[in-house]
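Data block below; observations after.
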Amino acid sequence: MTASALPIRRERLQGAGLDAALPYLLLAPAVLIVLAVLIYPLYDGLRASTAFYRYGKPLRDVGFDNYIKLWSDPEFLNSLWVTVSFVTLSVAIETVLGLLLALFCAREFRGIRLLRTVLIIPMVITPVVVAIVFRLIYASDAGMLTAFSEALGGQPVQILGNPLTAFSGLVALDVWEWTPLLFLIILAGLQSLPVEPFEAARVDGAGAWRTFIDHTLPMLRPVLAVAIVLRTIDAFGTFDQVFVLTGGGPGQSTLLLSIFGYNTAFKFQQTGYAAALFVTMGVIVLALALAAVRLLKRVEAA
Amino acid sequence: MIARIARAIVTVIVLVVVLLPIYWMVSSSLKPNREITQDGTLYPHAPSFDNYTHLFSEKQFGHFFLNSVGVTAISVALALAAGSLGAYAIARFRLRFGLERWIGLALLTLRIVPPVVILIPIYLLMLRLSLLDTWLGLIITYTAINITFCVWMMESFFREIPLDLEEAAMVDGDSRLTAFRRIVLPLAAPGLAATAIFAVIVTFNEFLFALVLTATPRAMTMPRGTATLIGRIDTDWASMSAAGVVGALPIVIFALLVQRHLVRGLTMGAVK
Numbered sequence: 036m037t038a039s040a041l042p043i044r045r046e047r048l049q050g051a052g053l054d055a056a057l058p059y060l061l062l063a064p065a066v067l068i069v070l071a072v073l074i075y076p077l078y079d080g081l082r083a084s085t086a087f088y089r090y091g092k093p094l095r096d097v098g099f100d101n102y103i104k105l106w107s108d109p110e111f112l113n114s115l116w117v118t119v120s121f122v123t124l125s126v127a128i129e130t131v132l133g134l135l136l137a138l139f140c141a142r143e144f145r146g147i148r149l150l151r152t153v154l155i156i157p158m159v160i161t162p163v164v165v166a167i168v169f170r171l172i173y174a175s176d177a178g179m180l181t182a183f184s185e186a187l188g189g190q191p192v193q194i195l196g197n198p199l200t201a202f203s204g205l206v207a208l209d210v211w212e213w214t215p216l217l218f219l220i221i222l223a224g225l226q227s228l229p230v231e232p233f234e235a236a237r238v239d240g241a242g243a244w245r246t247f248i249d250h251t252l253p254m255l256r257p258v259l260a261v262a263i264v265l266r267t268i269d270a271f272g273t274f275d276q277v278f279v280l281t282g283g284g285p286g287q288s289t290l291l292l293s294i295f296g297y298n299t300a301f302k303f304q305q306t307g308y309a310a311a312l313f314v315t316m317g318v319i320v321l322a323l324a325l326a327a328v329r330l331l332k333r334v335e336a337a
Numbered sequence: 020m021i022a023r024i025a026r027a028i029v030t031v032i033v034l035v036v037v038l039l040p041i042y043w044m045v046s047s048s049l050k051p052n053r054e055i056t057q058d059g060t061l062y063p064h065a066p067s068f069d070n071y072t073h074l075f076s077e078k079q080f081g082h083f084f085l086n087s088v089g090v091t092a093i094s095v096a097l098a099l100a101a102g103s104l105g106a107y108a109i110a111r112f113r114l115r116f117g118l119e120r121w122i123g124l125a126l127l128t129l130r131i132v133p134p135v136v137i138l139i140p141i142y143l144l145m146l147r148l149s150l151l152d153t154w155l156g157l158i159i160t161y162t163a164i165n166i167t168f169c170v171w172m173m174e175s176f177f178r179e180i181p182l183d184l185e186e187a188a189m190v191d192g193d194s195r196l197t198a199f200r201r202i203v204l205p206l207a208a209p210g211l212a213a214t215a216i217f218a219v220i221v222t223f224n225e226f227l228f229a230l231v232l233t234a235t236p237r238a239m240t241m242p243r244g245t246a247t248l249i250g251r252i253d254t255d256w257a258s259m260s261a262a263g264v265v266g267a268l269p270i271v272i273f274a275l276l277v278q279r280h281l282v283r284g285l286t287m288g289a290v291k
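These protein sequences, in sequence, are chains A and B. Quick note on our numbering: the first sequence kicks off at 36 and runs consecutively. Quick note on our numbering: the second sequence kicks off at 20 and runs consecutively.
The structure is reproduced here in structure tokens:
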């Protein structure tokens, strides 16, 4: 045991051991938190989905019964249908509007900065507040639509009392809130396109429409695809806006999967059944994302 | 000429569609209930801030605001710290078993799965830990959710920084960590800002977990408090619109102040 041996050892530790351990040490906090707070609950949710709960306590293991029950439950099938139509319709409208708006703004003009600033607002407003904004538009006694209709000598407008108009009203909310995101992404994509093909097309005398179909759209396809996938995944999880705007009604016309699952778990205390529903929902979204990635790769390869 | 007129028209239409609904909420918040439901005026005829003072004196919106600011600040700071370190490791090191790729993949998967999927187990977890209705319960949850995002964003920012700079610093005698602090972090500052801003907005606005994890003004955040108020006062439109304005104003002001960074954060993942 000599004192002089110590510094050498420490140096070697720093040289080899500590340096080799460094990346693991850097990753440790993030990985540990994610393991404890996200991965473990995910596993816990899987376990809960095979149990029968009463009063918040798992009573017995029921295997895949919850999952089997799910696919013959008309309420679940209806929710799935409502969710899929809500997502498809909203994302389609947002993409078309976002694309049109981005094409329109591709060339700099006065007012474009104001436009971009204002378009940030719907995306960053608290979703709960977005729902309040739209309740204040739709309310038949106090709403903006009714006020304007009456100012023009018309009748009060009913939106949230009727299944079809309530569903459309929800889609309108989503379009208002998220078209700006599609717009910003597509605009960024447009501005990153090379200029040469467009100059060549102009020299060739191609019209605006032909240029769009032959050059803009094909080059924009990857950006468009990513934007659509991102928005679709996000739209599947929509909860806050529906919770505050309609609560899923009238009837079950706006009962998205997320709301249906929330009610099942926290209103009706069917914890196991709700867990199975959420696991199913997660699998659906993951499968969608995976399919999208495959498709994207093929698009990029072609 | 025609193009200019068309541009002006489209610009005005977009501005009206975006701003008119917001105008209506602000305008309603300055009216008494009777004017909203019976008179249906298009602007407040006798504007007053009564609805607002009521929120803070009777409905504890001061509490909600402080809870939101505290929980958001702490969880974003923690996630940014843990997330940047992790992202640096993934961006710069080759780990055993290709661990860095697996971790990246796991984090991406977690970002794809809708948050509602872990709602029940997170609730059960916080119930077991007696962390329901506390700041800590929210902070833990939000930190974890933000980490997945921070790692993903920061990794791509770190990859943009050329390796030579760090290597030069290390040749000059810096340790890896000193090089990280002196060279890499300052260069990644815009990325850190964009990540932090995005995380702040998402966390401040979060409602789903706040809904099941909090129950009293002790821990309720702004969106949670606002939604609770609405549930109780179904047709108190005046309070509802004032609550909407108060709920959204801080984050809208914040977003407009940091606009430039925000747009980068929002669009970067997609365009690369």
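Idealized CB from N, CA, C, for every residue including glycine.
The beta carbon of His280(B) lies closer than 8 angstroms to those of Pro209, Ala212, Ala213 and Ile216 in the same chain, with the five residues before and after it left out. The beta carbons of Glu225(B) and Tyr142(B) sit no closer together than 8 angstroms.
In the DSSP annotation of this structure, the continuous segment of the alpha helix (DSSP H) that includes Arg111(B) starts and ends at Phe80 to Arg111. Taking a 10 Å sphere around the C-beta of Pro253(A), we find fewer than 16 other C-beta atoms and assign the residue as exposed.
Taking 8 angstroms as the CB threshold, Val279(A) lines the interface with chain B. In this structure, DSSP gives Tyr173(A) a helical state, which the three-state scheme calls helix.
Taking 8 angstroms as the cut-off, the beta carbon of Ala324(A) is found closer than this to the beta carbon of Ile268(A). In this structure, the beta-carbon distance from Leu129(B) to Leu73(A) falls below 8 angstroms. Assigned with DSSP and collapsed to three states, Lys332(A) falls in helix. For Ser48(B), the closest C-alpha among the options Asn70(B), Ala246(B) and Ile21(B) is that of Asn70(B). Scanning chain B for C-beta atoms nearer than 9 angstroms to the C-beta of Thr152(A) yields Leu275 and Gln278, reported in chain order.
Where Gly123(B) is concerned, the enclosing alpha helix (DSSP H) starts and stops at Leu118 to Ile131. Contact between the stretch 240-251 of chain B and the stretch 176-187 of chain B is absent, with fewer than three C-beta pairs closer than 8 angstroms.
Contact residues of the stretch 236-248 of chain B toward chain A are Met241, Pro242, Arg243, Thr245 and Ala246 (C-beta to C-beta distance below 9 angstroms). Within chain A, the residues placing a beta-carbon under 8 angstroms from that of Tyr107(B) are Leu61, ordered along the chain. Between the alpha carbons of Leu150(A) and Val277(B) lies a distance of about 16 angstroms. Taken through DSSP and simplified to helix, strand or coil, Trp244(A) comes out as helix. At a Cβ-Cβ threshold of 8 angstroms, Ile294(A) and Phe274(A) count as neighbours.
As for any beta strand (DSSP E) of minimum length 3 sitting wholly inside the stretch 269-329 of chain A, there is none. For the stretch 124-208 of chain B, the continuous alpha helix (DSSP H) assignments of 4+ residues that do not extend past its boundaries occur at 138-147, 154-179, 182-190 and 195-198, in sequence order. Between Leu281(B) and chain A, the shortest Cβ-Cβ separation is below 8 angstroms. Here the stretch 148-166 of chain A lies against the stretch 249-268 of chain B, with 3 or more beta-carbon pairs under 8 angstroms apart. Straight across, the Cα-Cα distance linking Thr315(A) with Arg200(B) is about 44 angstroms. Nearest neighbour of Val219(B) by Cα position, chosen from Pro66(B), Leu206(B), Ala98(B) and Glu77(B), turns out to be Ala98(B). CA-CA distance, Thr153(B) to Gln79(B), rounds to 16 angstroms.
For Thr56(B), no alpha helix (DSSP H) encloses it, and the DSSP letter there is neither H nor E.
In the three-state DSSP reduction, Ala235(A) falls in the helix class (H, G or I). In this structure Tyr173(A) is not in contact with Ile156(A), their Cβ atoms being roughly 20 angstroms apart against a cut-off of 8 angstroms. Contact annotation for Pro63(B) against chain A: no contact, minimum CB-CB distance about 12 angstroms [criterion: below 8 angstroms].
For Gly210(B), the secondary structure class from DSSP, reduced to helix, strand or coil, is helix.
Assigned with DSSP and collapsed to three states, Ala27(B) falls in helix. Close to chain A, meaning a Cβ-Cβ distance shorter than 7 angstroms, are the following residues of the stretch 168-201 of chain B: Val170 and Arg195. Apart from the 5 residues on each side of it in sequence, Ala260(A) sits with its Cβ closer than 8 angstroms to the Cβ of Ala327, Leu330, Leu331 and Val334 in its chain, given in chain order.
With respect to Ser114(A), Leu280(A) sits apart: the two C-beta atoms are not nearer than 8 angstroms.
Listed in chain order, the non-local C-beta contacts of Ala141(A) below 6 angstroms within the same chain comprise Leu225, local neighbours out to five positions each way being set aside. Contact between Pro236(B) and Phe83(B) is confirmed by a C-beta separation of about 7 angstroms, below the 8 angstroms threshold.
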